[in-house]
Amino acid sequence: MMGLPLQGLLVLEFSQYLSAPSAGLRLADLGARVIKIERPRTGDAGRKLAIKNLWVDDSSLLFHTINRNKESITADLNSEEDRALLLKLIAKTDVVLHNYRPGVMEKKGFGFETLKTVNPRLIYAEISGYGKKGPWKNKPGQDLLLQSITGLTHTTGNGQQAPVPFGIAIADILCGAQLVQGVLAALIRRQKTGKGALIELSLMESLLDFQFELLTTYYTNGQQPSRSDRNNGHPLLGAPYGLYATADGHIALAMMDISALAKAISCEPLKKFAKDLVFSSRDEIKAILAKHLATETSSHWLEHLHAAGLWAMEVLDWKTMRDHAGYKSLRMEQEVKTANGSMTTTRCPIRINGQRLFASAPAPALGQHNEKVKNELLTH
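Each residue of the sequence shown is one higher than the last, beginning at 19 in the working numbering.
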């Protein structure tokens, strides 16, 4: 695609693992030139963070997923020669990203206060685990730990279960997306004022913001969210909200009028429940529904529910989803060619003027672009 909105933007990514690299990925998808600054010999620690022991070339599949469409140079932040080269590069840079613990970049001489004297227009965007102050500031900022400490694990699963974590790195990916929002806002301001900015996020603040609906309720009434004992879908919503087994799979029921539901699926026992009982009698209603819905197939129930205009969908696994015309019409997949093969991954979900954003360049080998960057950006 020609004319991507961030073409001409130079981003240096002093980042590892997932959170800040996911921000770099999105900026690259939108046209920015993103250069990873990696440690000599070892590189980004994410190169060795394997999921299901899957590897592409010499790095983990996870690394390739989150670092496609970037370049890599190696630099030792303890080396005076390398530091001088980086500062020269930073003078030409638009955005610096990092997700090191508080104080690390400052100790190496690459904190915001230092770099803004080198480049007053620099957007300096950083992610920490818990912020720069407080008793948790130096704790490891790992996704599962953040889900646990922010109360998020008490929102999923059923009422009698132990806390249940999300099955994805929700803190990392969400925080990376919010970092991009901050960077884009700062770039717009810089266009008006000529001044750079310091953008700060933490995984903890991102997950707290993610729960604003639940936390606002808790701040108001002081009560912990109450999960359904069965078929839980949302701790603050009444019946029927949740997932239900059918004769051949599962369906999801969203918010709907209980009497309209009873009529649509011909469930006589549901008709006695008035609207004001959908929360206080939530588990009783769900038990009746679960028994009734198990008697017919998913397609049978969805036909009746959709005919009545009620919000319901089939629960799909990835194989079934991938075979569905609804998924295929989105063209979400792209092929990325690597040094020794290829991999299929998702594309950027954003469309611009009707055009999907595909970026098929693979993740870089460690230090792959050392000479290229020196020749293009550091020789003049």
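Glycine residues also receive a C-beta, built at the ideal position from the N, C-alpha and C atoms.
Q) Looking at C-alpha atoms only, which residue of 152, 105, 278 and 77 is the closest neighbour of residue 30? A) Position 12 of the sequence shown, counting from 1, holds the residue named residue 30. Ranking 152, 105, 278 and 77 by Cα distance to residue 30 puts 105 first.
Q) What separation, rounded to the nearest whole angstrom, lies between the Cα atoms of residue 120 and residue 39? A) Position 102 of the sequence shown, counted from the first residue, corresponds to residue 120. Position 21 of the sequence shown, counted from the first residue, corresponds to residue 39. The alpha-carbon of residue 120 is positioned some 17 Å away from that of residue 39.
Q | Whole alpha helix (DSSP H) elements within the segment 126-173, 4-residue minimum | A | Annotation note: the segment 126-173 contains the following uninterrupted alpha helix (DSSP H) runs of length 4 or greater, listed N- to C-terminal: 130-136 and 161-167.
Q: Run the CB neighbour count on residue 319, radius 10 Å, all protein chains shown included, and call it buried at 16 or more, exposed below.
A: Within the sequence shown, the letter at position 301 stands for residue 319. Residue 319 should be labelled buried.
(Q) I'd like the list of long-range same chain contacts for residue 382, defined as Cβ closer than 8 Å, with 5 residues on each side in sequence excluded. (A) Numbered from its first residue, the sequence shown carries residue 382 at position 364. Only 54, 85, 88, 89 and 90 meet the Cβ criterion.
Q) So, does the CB of residue 35 fall closer than 8 Å to a CB anywhere in chain C? A) Looking at the structure shown, chain C is missing, and only one protein chain is on hand.
Q) Going along the chain, which residues of its own chain have a beta-carbon closer than 8 Å to the beta-carbon of residue 183, five neighbours each way excluded? A) Counting from 1 along the sequence shown, the entry for residue 183 is found at position 165. These residues qualify, in order along the chain: 162, 165, 166, 170, 171 and 174.
Q | For residue 188, the nearest candidate out of 214, 374 and 220 (CA to CA) | A | Locating residue 188 in the sequence shown gives position 170, where the first residue counts as 1. The option with the nearest alpha carbon to residue 188 is 220.
**Q.** Bounding residues of the alpha helix (DSSP H) (the contiguous stretch that carries residue 37)
**A.** In the sequence shown, counting from the first residue as 1, residue 37 sits at position 19. Run containing residue 37: 37-47, per the alpha helix (DSSP H) assignment.
(Q) Using 8 Å as the cut-off, can you tell me whether the segment 136-147 makes contact with the segment 112-119, which would need three or more C-beta pairs spanning the two stretches below that distance? (A) Contact between the segment 136-147 and the segment 112-119 is present: three or more C-beta pairs spanning the two stretches fall below 8 Å.
Q. Are the Cβ atoms of residue 304 and residue 253 separated by less than 8 Å?
A. To locate residue 304, count along the sequence shown from 1; it is residue 286. To locate residue 253, count along the sequence shown from 1; it is residue 235. The Cβ-Cβ distance between residue 304 and residue 253 does not fall below 8 Å.
Q: Please check the pair residue 194 and residue 37, which I expect to be a contact at CB under 8 Å, by giving their CB distance rounded to whole angstroms.
A: Sequence index remark: in the sequence shown, residue 194 carries index 176 (1-based). Sequence index remark: in the sequence shown, residue 37 carries index 19 (1-based). Indeed they touch by this definition, with Cβ atoms about 5 Å apart.
Q) Per DSSP, residue 262 is paired with what? A) Against the sequence shown, residue 262 aligns to sequence position 244. In the DSSP assignment, the residues bridged to residue 262 are 269.
(Q) Excluding the 5 residues flanking residue 346 on each side, which residues of the same chain have their C-beta closer than 7 Å to its C-beta? (A) Along the sequence shown, read from residue 1 onward, the residue named residue 346 stands at position 328. Short of 7 Å from the beta carbon of residue 346, and not among the five residues preceding or following it, lies no beta carbon of its own chain.
**Q.** Whole-Å CB distance - residue 197 paired with residue 217, under 8 Å assumed
**A.** Mapped onto the sequence shown, residue 197 falls at position 179. Mapped onto the sequence shown, residue 217 falls at position 199. Under the criterion of beta carbons closer than 8 Å, residue 197 and residue 217 qualify as touching, at roughly 7 Å.
Q: Could you check the C-alpha separation between residue 268 and residue 325 for me, to the nearest Å?
A: Residue numbering aside, residue 268 sits at position 250 when the sequence shown is read from its first letter. Residue numbering aside, residue 325 sits at position 307 when the sequence shown is read from its first letter. Distance between the alpha carbons of residue 268 and residue 325 is about 19 Å.
Q. Helix, strand or coil for residue 365 per DSSP?
A. The residue you call residue 365 lines up with position 347 of the sequence shown. Reduced to three states, the DSSP call for residue 365 is coil.
Q: Tell me, please, which residues DSSP counts as bridged to residue 54.
A: If you number the sequence shown from 1, residue 54 lands on position 36. Among the bridge pairs identified by DSSP, residue 54 is matched with 31 and 90.
(Q) To the nearest angstrom, how far is the alpha carbon of residue 353 from that of residue 75? (A) Position 335 of the sequence shown, counting from 1, holds the residue named residue 353. Position 57 of the sequence shown, counting from 1, holds the residue named residue 75. Rounded to whole angstroms, residue 353 and residue 75 show a C-alpha spacing of 16 Å.
Q: Figure out for me which residue from 265, 237, 273 and 23 has the closest Cα to the Cα of residue 251.
A: Locating residue 251 in the sequence shown gives position 233, where the first residue counts as 1. Closest option to residue 251, Cα to Cα, is 273.
Q. Is DSSP giving residue 187 helix, strand or coil here?
A. Reading the sequence shown from its first residue, position 169 is the one you call residue 187. In the structure shown, residue 187 sits in coil (DSSP, three-state: anything other than H, G, I, E or B).
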